[in-house]
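Quick notes on the structure that follows.
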Amino acid sequence: MSIDDERPEVPAVPRTRAELRAAREAAEATEAERISRAAAPADGTAQQHVDQPDAAEAVAREAAVRDAGDRAIAEQEAAARKMAAFEAAAREDVEATAVPPVPVASEPVFIAAVPAPVPEVAPAEDSYTPPGPPVSSDGDAGRAPLRPRRFLIALGAVLGILVLVGTGLGVVSLLQGPRISEVQVDPGQAIESSGSRVIITANQALADIDPAQVTVEPAVPFTIDAAGRGVGIRFTVPLDDSTEYTVRVADVTGAGGGPTADLSTTFSTPASNIFLLRRDASGDDTIFQTDLSGENAVPVYAHDQINDFRATSSQLVVSVEEDDGSRLLAMNRDGSDERELELPGDGYVGAIQVSERGGLVGYSYSDRELSDTEGRASVLVTQPLSGEEKPQIIEVAGVEASVFVWQFVPDSAAVLFIDFDGALSLVDRSTDAGVQSLGLAATIQGISRGTYTAIVERLDGAVVELNLADGSEVPLAASDPDYGIASSITPFPGGTLRHVVARNDAGIPVGQAIVRVDDDGSATPLVEVGSSDSILQACASPSGQYAAVVIAPDLANNPYDGMLLPLPENVETHLIDMESGDELVALTGFDASWCQTAPRF
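In our numbering, the protein residues as written are 2 to 602.
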């Protein structure tokens, strides 16, 4: 067996540093023994003496090599521990400060070369590190400078998307033409009074709108006011209840041109309801609110003696009688928030009316202490419904005027009145223009909504339509068929309600009727009663859709009460559909809130 055969075999698996060192030491010992044997002489004496220094030198070199190997191993282990500690600290720092990566285009990344450790020289703790880009724990150089660039790329992408979306919407708008962005309408107010509006707002400024481009179905008179993106349609008369209306503005273009489009909107009005006064000779008088079926009546205010009342879209004004005179009360429509309005003195109030547009209440007033030489009799007073100002008495030529009959002009703060001398005058309480004289007249029949036209009877008996704006007048056209002279005429949008009395050859009344007369003169009887009954009043709903006819049945056995406004104790209000002529319901009570004035006796 040779010496080489005695060497241990190299293991097939990796060894640890300790195993490697043990194997190296064993190999060195075997090599030293082999050299020693080869150098020894046969007799073993002289040669041993001659080679002894060489053997000692070989042993010294072997020990130096072994020490150098041990130091290298120790230094490598120390470097490995430092590197592991550095990598662990670097990982913790990266995890604490890491942000979600932003995808970017790949770029070449240069990694600085790390020199191999030199076993003989240990690195100094304060060694100098040349300046350069920071190196992350995974060896990527230059990552920190990339973050601002990635943010700018992402920001640019977002802005680009917004620009594309805005451009797309603009292109779509230009291709489609104007579109509706908002509609404003109050259907409840629209059936209560004239002047309500539908305001259509488009998504862009519009070219000029011609009134011929606007249609309303069902047809109703209107005016328009268009500017910028808005188109306002103002209805000059109230609208019907329970009706669907469609407003269309055709062939609209943008202010800068482009394709045309139609702006169309639809809304529905609510069902009507009314207030009625029911007097009770043995109990409290009551104002109640009801729908047109009469099945849902709700009392809203009660008092021992209610003389009269009027209603606005938000308030009730009630005159009540007490032992020392009248009191004038204002309240919400449900009877809440009752408050008393100041009167010119201690006296009596009658013929109350309200101006919705002017926010006023008006009435005739007489002092309780009245004689031929002292006191005020039937002077016309107006004051704000809010009660914030003192009552004002109408004066003509500096003198408080006593009035025979008067009415507010609908949709204004103007007052039309006839004094006891027969002078017909007009005064607008919203201005200081003073009193306008309109000649002489016997009575005021009514004033049309939205037209500023009054129907008055002159002293000679002629009935005329008087334009209150310029003072011009034309005779009121007779009906077809002609039912004769009307005792009262109530205008409504589209026509008039006329109260006619049929008499026999001796002039004795034999019957009465309420006749609907359209603007073209065509006449249709709505209600007829015999000689035993009496028609006290006829009113139309704000739009002229319905009529309320007040009837006192069996007048001979129906005594009058003792109020300032005396009326038969049993009074009925009949509601009529004016289009079909059908009666909807008969309700106990009078003074329907559709009426501008109380019944006349």
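Built from N, CA and C at the ideal position, the CB exists for glycine as well.
Residue i, buried or exposed, once every other Cβ within 10 Å from all chains shown has been counted against 16
i, result
"GLU26", "exposed"
"THR374", "exposed"
"ALA213", "exposed"
"ASN297", "exposed"
"ALA599", "buried"
"GLY284", "exposed"
"LEU381", "buried"
"VAL248", "buried"
"ASN308", "buried"
"VAL110", "Low local confidence applies: a pLDDT of 40 at VAL110 is under 50, so the model's placement there is unreliable, and no value is given."
"THR179", "Per the sequence shown, the amino acid found at residue 179 is Pro instead of Thr. Buried, by the Cβ-count rule."
"SER594", "buried"
"THR525", "exposed"
"ALA507", "exposed"
"GLU390", "exposed"
"ILE509", "exposed"
"PRO392", "buried"
"VAL475", "exposed"
"LEU588", "buried"
"PRO300", "exposed"
"ARG601", "exposed"
"VAL159", "exposed"
"ARG517", "buried"
"VAL511", "exposed"
"PRO219", "exposed"
"VAL457", "buried"
"ALA203", "buried"
"PRO1", "What the structure shows of the chain is the stretch from 2 to 602, and residue 1 is not part of that stretch, so it cannot be assessed."
"ALA463", "exposed"
"ARG499", "buried"
"VAL350", "buried"
"GLN177", "exposed"
"GLN185", "exposed"
"ASP420", "buried"
"ILE162", "exposed"
Beta-bridge partners of residue i, as assigned by DSSP
i, result
"TRP407", "PHE418"
"CYS540", "ALA549"
"TYR349", "SER367"
"GLY326", "GLU323"
"PHE236", "PHE223"
"GLN393", "THR383"
"ALA378", "BP columns for ALA378 are empty, so no partner."
"ARG311", "VAL318"
"GLN354", "GLY363"
"PRO476", "VAL465"
"ALA228", "GLY231"
"THR589", "GLU573"
"GLU401", "GLU396"
"THR247", "GLU218, THR267"
"ASP578", "TYR547"
Proximity of residue i and residue j at Cβ, strictly below 8 Å
i, j, result
"LEU278", "GLY590", "yes"
"THR454", "LEU469", "yes"
"SER197", "GLN205", "no"
"VAL586", "ILE552", "no"
"ALA414", "LEU467", "no"
"ASP412", "SER195", "yes"
"ASP461", "GLY495", "no"
"ILE577", "LEU527", "yes"
"SER449", "LEU439", "no"
"ASP242", "PRO271", "yes"
"ASN319", "ILE288", "It should be pointed out that residue 319 corresponds to Val in this sequence rather than to Asn. A contact, by the Cβ cut-off of 8 Å."
Review point. Are the stretch 257 to 275 and the stretch 559 to 573 touching, with three or more C-beta to C-beta distances below 8 Å?
Key: no
Review point. Given 8 Å as the limit, is there contact between the stretch 315 to 326 and the stretch 350 to 361, that is, 3 or more CB pairs closer than that?
Key: yes
Practice item. Take every Cβ of the stretch 486 to 504, pair it with every Cβ of the stretch 442 to 454, and state whether three or more of those distances are shorter than 8 Å. Key: yes
Exercise for review: Note down, one range per segment and in chain order, each beta strand (DSSP E) of at least 3 residues found wholly within the stretch 426 to 458.
Suggested key: 436 to 441, 444 to 448, 454 to 458
Check your understanding: Can at least three beta-carbon pairs, one atom from the stretch 362 to 373 and one from the stretch 399 to 410, be found at a separation below 8 Å?
Key -> yes
**Study point:** Sequence ranges, beta strand (DSSP E) only - wholly within the stretch 261 to 292, length at least 3
**Key:** 274 to 279, 286 to 292
Check your understanding: Is the stretch 385 to 392 close to the stretch 340 to 347, with three or more CB pairs under 8 Å?
Key -> yes
Check your understanding: Given 8 Å as the limit, is there contact between the stretch 252 to 263 and the stretch 548 to 560, that is, 3 or more CB pairs closer than that?
Key -> no
Point to revise | Uninterrupted beta strand (DSSP E) stretches inside the stretch 483 to 536 (no shorter than 3 residues) | key: 487 to 493, 496 to 504, 510 to 519, 524 to 531
Review point. Where are the alpha helix (DSSP H) runs, 4 residues long or more, that stay fully inside the stretch 178 to 216, in chain order?
Key: 188 to 191
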